[in-house]
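Working notes, structure below.
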Amino acid sequence: MTTGFRYYMACLYAIWSREVKRSVRESGQLVGAFSRPLLWVIIFGVGLTPYFRTGLRETTFVVPFTYMQYIFPAVVVLNILYPSIQSAVSLIYDRQFGFFREVFASPVPRSAVFFGKLLGGATVATLQGGLVLLLGPYVDVPIPPSILPGVLGTMFLVSLSFTAVGLLIASRLKSFEGFGVFSNALILPLYFLASSVFPLDPSLSVQQQQQVFPPWLVLLVRANPLTYAIDLLRHFIIDYHEHPLGLDVAVVVTLTVVACTLSYREFRR
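Each residue of the sequence shown is one higher than the one before, starting from 1108 at the first, in my numbering.
And the structure:
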């Protein structure tokens, strides 16, 4: 039993290590990991802060942060979404160039291949999200060590869930072009409909929100699981949240479990 477990973990580590090394060696991913948060935090954050604070002062709650601080946790999640889903491109690559035929002809358990790819993609995505945290002191968002367990735990769960979503998509598609179009069509709507760039006034009821915002927009934001992941990250980073903390945690954990389960079932097929 011990020998079998060691062999399984060795296979898992080999696949994980391959995914991480391949991503780290791609200069394009590193450039995107740095340029994306700089674009959002500096240009959007600085440019829209005056309008954000002026608009929210008309509501019935006090704004305890700047717009730059408000979008900072969302930028962390954005820097996780892209590498999480894009990491699944390797699945199409391996399938087209014969790597899977070699692996599946060997005694490597198929589950070890799946979890190696899943953990490899999630590791890279979490590291890229961590790069955004380095900008915190420069935009007046302190990241004390006491909040790091909650922040990194949330980031890793989001990375796992969307890496699993990427693997689920890649398991059904056969071309790089199709995957790129489909993934971008998924990332942008999910992100913008996650209360990432504008808040729903928490002092208003759902009925009142539907008078301020279009009802369909309120419905989509509340139905989007990414809304609760960003809200949970805001709770840790800027001590602000629009939804109950227990609801945020439940949605994020459920999303991770469901996404990983569906992806694993599709991968085994």
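Cβ atoms here follow ideal geometry from the backbone N, Cα and C, with glycine treated the same way.
query                                                                                                                                               : result
Beta-carbon separation of Ala1229 and Ser1197 under 8 Å?                                                                                            : no
Quick one: give me the first and last residue of the alpha helix (DSSP H) that Ala1277 is part of.                                                  : 1255-1279
Would a C-beta distance cut-off of 8 Å place Leu1293 and Val1359 closer than the cut-off?                                                           : no
Please state if the CB of Cys1118 and the CB of Val1387 are separated by a distance shorter than 8 Å.                                               : Limits of the chain in this structure are 1108 at one end and 1376 at the other, which puts residue 1387 out of reach.
Near Leu1226, what residues of its chain come up, given a Cβ to Cβ distance below 7 Å and the 5 sequence neighbours on each side ignored?           : Trp1123
Using the three-state DSSP reduction, which class does Pro1216 fall into: helix, strand or coil?                                                    : coil
Is Ala1357 helix, strand or coil by DSSP?                                                                                                           : helix
Which of the three DSSP states is assigned to His1342 in this structure?                                                                            : helix
Could you spell out the range, first to last residue, of the alpha helix (DSSP H) harbouring Pro1322?                                               : 1322-1330
Would the beta-carbon of Tyr1266 fall within 8 Å of that of Thr1233?                                                                                : In the sequence as displayed, the identity of residue 1266 is Ser instead of Tyr. Against a cut-off of 8 Å, the Cβ pair of Thr1233 and Ser1266 comes out as a contact.
Considering Cα atoms alone, identify which of Tyr1115, Val1127, Arg1143, Ser1218 is closest to Tyr1371.                                             : Ser1218
Could one say the Cβ of Leu1339 lies closer than 8 Å to chain C's Cβ atoms, at least one of them?                                                   : The structure shown contains no chain C; it is built from a single protein chain.
Let me know the secondary structure DSSP gives Phe1179 once reduced to three states.                                                                : helix
Just checking my contact of Phe1172 with Ile1345 at CB under 8 Å: how many whole Å lie between their CB atoms?                                      : 5 Å
Please return the same chain residues whose Cβ sits closer than 6 Å to the Cβ of Ser1290, not counting the five positions on each side in sequence. : Ile1192
Quick one: what's got a C-beta closer than 6 Å to Gly1257's C-beta in the same chain, skipping five residues either side?                           : Phe1343
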